[in-house]
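Here is the structure we will look at, set down as structure tokens.
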Amino acid sequence: MQELAGKHIVLGLSGGIACYKAAELCRALVKQGATVQVVMTEAAEHFITATTLQALSGRPVFTSQWDGRSASGVDNAMPHINLSREADAVVVAPASADFMAKLLHGRADDLLSLLCLARPIDRVPLILAPAMNREMWAHPATQRNVAQLKADGAHVLDVGQGDQACGETGDGRMLEPEELLGDLIAFFQPKVLAGQRLLITAGPTFEAIDPVRGITNRSSGKMGFAIAQAAREAGAEVTLVAGPVALATPRGVRRVDVMSAEQMLQAVWADVGQATVLVATAAVADWRPAQAADQKIKKDGSGVVPALAFVENPDILATVAASERARSGELYCVGFAAESHDLLAHAQAKRVRKGVPLLVGNIGPETFGRDDNALLLIDEQGSVELPRASKLALARQLVGAIASRLVAR
Ligand code: C5P
4 MQELAGKHIV LGLSGGIACY KAAELCRALV KQGATVQVVM TEAAEHFITA TTLQALSGRP
64 VFTSQWDGRS ASGVDNAMPH INLSREADAV VVAPASADFM AKLLHGRADD LLSLLCLARP
124 IDRVPLILAP AMNREMWAHP ATQRNVAQLK ADGAHVLDVG QGDQACGETG DGRMLEPEEL
184 LGDLIAFFQP KVLAGQRLLI TAGPTFEAID PVRGITNRSS GKMGFAIAQA AREAGAEVTL
244 VAGPVALATP RGVRRVDVMS AEQMLQAVWA DVGQATVLVA TAAVADWRPA QAADQKIKKD
304 GSGVVPALAF VENPDILATV AASERARSGE LYCVGFAAES HDLLAHAQAK RVRKGVPLLV
364 GNIGPETFGR DDNALLLIDE QGSVELPRAS KLALARQLVG AIASRLVAR
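Take the sequence shown: its position 331, counting from 1, is numbered 334 in the numbering used here, and each next residue is one higher.
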């Protein structure tokens with residue numbers, strides 16, 4: 004799936020060592036289907052050549068407001084007008100301290116600042132990826148400029164933290180190309196969950212038998228993590244309570260790691276009071292050993308196997324769905340059902356049993372560990388099929404479906 008197909012990005016580079024990351028970003032944007040027009044300041048050309056960016060973008064690079072070449076097929080010698088009119092976004096990466104100070108004042112003495120000023124402000128968003136030394140970033144002048152640029156409508160991305168090219172360590176480095184790409188893809192998603200706080204459970208739980216053994220469920224956590232990412236992209240505050248999985252935390256998502264069902268329930272209770280939506284995708288173990296042994300249970304060669312007694316785990320979703328906030332509609336609960344057959348009938352029954360307004364069914368063996376899935380959405384009105392697609396594509400559709408149900412309440 005090309006995430007930026009059909010988008011035209013003007014990628015501006017101002018002067019900074021992070022220009023080397025802009026080359027990687029340019030490549031990533033093209034790979035995701037965007038067309039990219041690169042514009043560089045004179046300072047940027049001290050760090051990376053226009054030839055590199057031309058090769059990566061497949062288009063001649065513009066560096067001067069006096070450039071008389073045809074821009075966007077127009078021969079009026081006005082590259083600042085022509086280039087800015089057709090863009091879906093102007094992305095300045097890196098945005099140096101000096102360049103931001105210049106933008107703030109509406110100065111326009113080179114092509115990049117000129118086209119930022121000349122762009123149709125309500126139609127072409129300006130996205131800035133700051134990059135500078137930590138002292139420069141922390142300086143009140145820079146912070147003041149960033150605040151004012153935001154107030155003027157620019158979208159200022161976060162800075163990274165860590166080792167800097169100057170040898171110092173702190174805030175101010177430019178985000179990595181894949182982080183910038185993720186933020187840009189997120190930027191273009193409709194903000195249908197703005198103002199909502201989502202709590203999502205994901206992955207399996209692990210119920211200890213002894214310090215080295217336990218029982219668990221087959222769940223990679225991929226669907227829940229995709230929903231967390233999609234919800235964040237849609238503008239929600241997201242907390243992800245995750246069982247033991249080997250997945251990266253989606254950007255901007257708060258993650259709480261747990262092992263057992265009881266820990267998951269505790270983590271959910273700690274957060275659910277502030278949540279407006281709960282999405283329970285976790286494959287919670289139905290039972291846990293009644294008593295986890297303190298020490299490893301030894302095989303003694305006698306052939307006698309240990310007798311394990313189990314107790315039932317709490318049903319996290321059903322417990323929350325029965326709470327006052329859920330029943331009054333302040334908290335919207337979404338459950339999942341992984342079935343092996345008769346999905347519609349089982350999922351319909353599960354929706355009623357769990358007491359949730361929306362239940363999402365999927366066929367377990369056809370989704371475990373995979374990057375794609377197919378979903379069946381069941382609510383009071385009936386059922387809707389979301390045909391097989393990537394988990395992220397489905398997550399975005401599900402987020403849209405949740406958002407429309409929140410509005411319709
Ligand atoms: O009953 P079953 O496990 O099939 O129900 C699945 C749904 O209930 C999922 O949304 C799952 O996250 C949730 N669940 C839960 N706590 C449990 C069992 C299931 O939250 N102990």
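Cβ atoms here follow ideal geometry from the backbone N, Cα and C, with glycine treated the same way.
What runs of the beta strand (DSSP E), each 3 residues or longer, lie entirely inside the region 196-239?
DSSP runs (the beta strand (DSSP E)) wholly in the region 196-239: 200-205, 209-213 and 216-219.
Using the Cα positions of Glu210 and Ala340, report the straight-line distance between them to the nearest angstrom.
Using only the alpha carbons, I get a separation of about 21 Å.
Pick helix, strand or coil for Glu333, following the three-state DSSP scheme.
It is coil, neither helix nor strand.
For Gly332, which residues in the same chain have their Cβ closer than 8 Å to its Cβ, ignoring the five residues on either side in sequence?
For Gly332, where only same-chain residues beyond five positions count, the Cβ hits under 8 Å are Arg412.
Ordered along the chain, which non-local residues of its own chain (more than five positions away) have a Cβ less than 7 Å from that of Gly206?
Excluding sequence neighbours, Gly206 sits near Ser222, Gly224, Gly227, Ala245, Gly246, Pro247, Val248 and Ala285.
Quick check on this structure: which residue in Val93, Asp112, Met139 and Asn136 has the alpha carbon closest to the alpha carbon of Arg122?
Minimum Cα distance to Arg122 is reached at Val93.
Out of Asn136, Ala157 and Leu152, which one is the CA nearest neighbour of Ile130?
The shortest Cα separation from Ile130 among Asn136, Ala157 and Leu152 belongs to Ala157.
Are the beta-carbon atoms belonging to Val13 and Gln57 less than 8 Å from one another?
Contact: no.
On the DSSP letters alone, give me the boundaries of the beta strand (DSSP E) that Trp69 sits inside.
Per DSSP, Trp69 belongs to no beta strand (DSSP E) and is neither H nor E.
For the ligand SAM, is there a heavy atom less than 7 Å away from the beta-carbon of Ala348?
This structure lacks the ligand SAM; its bound ligands are the ligand C5P.
Check the DSSP bridge columns for His158 and list the partner residues they point to.
Per DSSP, Ile130.
Run through the DSSP bridge pairs and tell me what Phe376 is partnered with.
Checking the sequence, you will find Asn at residue 376 rather than Phe. DSSP output for Asn376 lists Ala392 as bridge partner(s).
Using DSSP with H/G/I as helix, E/B as strand and the rest coil, what is Gln151?
Three-state result, Gln151: helix.
Taking only three categories from DSSP, how would you classify Met81?
Three-state DSSP puts Met81 in coil, outside helix and strand.
Residue ranges of each beta strand (DSSP E) run of no fewer than 3 residues wholly in the region 27-56, ordered along the chain?
Entirely contained in the region 27-56, the beta strand (DSSP E) runs reaching 3 residues are, in chain order, 38-43.
Taking 8 Å as the CB-CB limit, is Ala233 close to chain C?
Any reference to chain C falls outside this structure, which holds one protein chain only.
According to DSSP, which residues form a beta bridge with Trp290?
Per DSSP, Glu315.
Using only the alpha-carbon positions, how far apart do Ala283 and Ala329 sit?
The alpha-carbon atoms of Ala283 and Ala329 are separated by roughly 14 Å.
How far does the alpha helix (DSSP H) with Pro180 in it reach, from first residue to last?
Taken as a continuous stretch (DSSP letters only), the alpha helix (DSSP H) holding Pro180 covers Pro180 to Phe190.
Decide if Leu69 is buried, meaning its Cβ has at least 16 other Cβ atoms within 10 Å, or exposed.
Correcting the residue type first, residue 69 is Trp in the shown sequence and not Leu. Exposed.
Flag this pair as touching only if the region 266-279 and the region 188-195 have three or more C-beta atom pairs under 8 Å; answer yes or no.
Output reads no: the region 188-195 does not touch the region 266-279.
Compare the C-alpha of Trp140 against each of Lys153, Gly170 and Met177 and name the closest.
Comparing Cα positions, the closest option is Met177.
Does Gln298 come out as helix, strand or coil in the three-state DSSP assignment?
DSSP places Gln298 in coil when its eight states are reduced to three.
Would you list the residues whose beta-carbon is nearer than 5 Å to any heavy atom of the ligand C5P, in the order they occur in the chain?
Going by the Cβ distance cut-off, the answer is Ala283, Ala285, Val287, Asn316, Asp318, Ile319, Leu320, Gly338 and Phe339.
Taking the beta carbon of Leu311 as the centre, do at least 16 other beta carbons fall within 10 Å, making it buried, or is it exposed?
Flag for Leu311 reads exposed.
Is the Cβ-Cβ distance between Val314 and Ala296 less than 8 Å?
Not a contact, by the Cβ cut-off of 8 Å.
Leaving aside the five residues before and after Glu6 along the sequence, list all residues of the same chain whose C-beta is less than 6 Å from its C-beta, in chain order.
The residues are Gln35 and Ile188.
Could you check if Ile51 is buried or exposed, using at least 16 other CB atoms within 10 Å of its CB as the buried criterion?
With 16 or more other Cβ atoms within 10 Å, it is buried.
Can you give me the start and stop residues for the beta strand (DSSP E) that His349 sits inside?
His349 -> not in any beta strand (DSSP E); alpha helix (DSSP H) instead, spanning Leu346 to Lys357.
Looking at the secondary structure, which residues open and close the beta strand (DSSP E) in which Ala100 lies?
Note, Ala100: premise wrong, no beta strand (DSSP E); alpha helix (DSSP H) at Ala100 to Leu107.
For Ala239 and Val402, what's the separation of their Cα atoms in angstroms?
Cα to Cα, Ala239 sits roughly 10 Å from Val402.
Can you check which of these residues, Gly358, Ala53 and Ala8, is closest to Ala15 by C-alpha distance?
Note on residue identity: the sequence assigns Gly, not Ala, to residue 15. If we check each option's Cα against that of Gly15, Ala53 comes out closest.
Near Thr55, what residues of its chain come up, given a Cβ to Cβ distance below 7 Å and the 5 sequence neighbours on each side ignored?
Cβ within range, chain order: Ala26.
Write down the C-beta distance between Asn376 and Lys394 rounded to the nearest angstrom, noting that I regard them as a contact closer than 8 Å.
5 Å between Cβ atoms; contact.
Which whole-angstrom value is the C-beta distance of Met43 and Thr66, which I expect to be below 8 Å?
Between Thr66 and Met43 the Cβ distance is about 5 Å, and since that is below 8 Å, they are a contact.
Decide if Lys299 is buried, meaning its Cβ has at least 16 other Cβ atoms within 10 Å, or exposed.
Per the 10 Å Cβ criterion, exposed.
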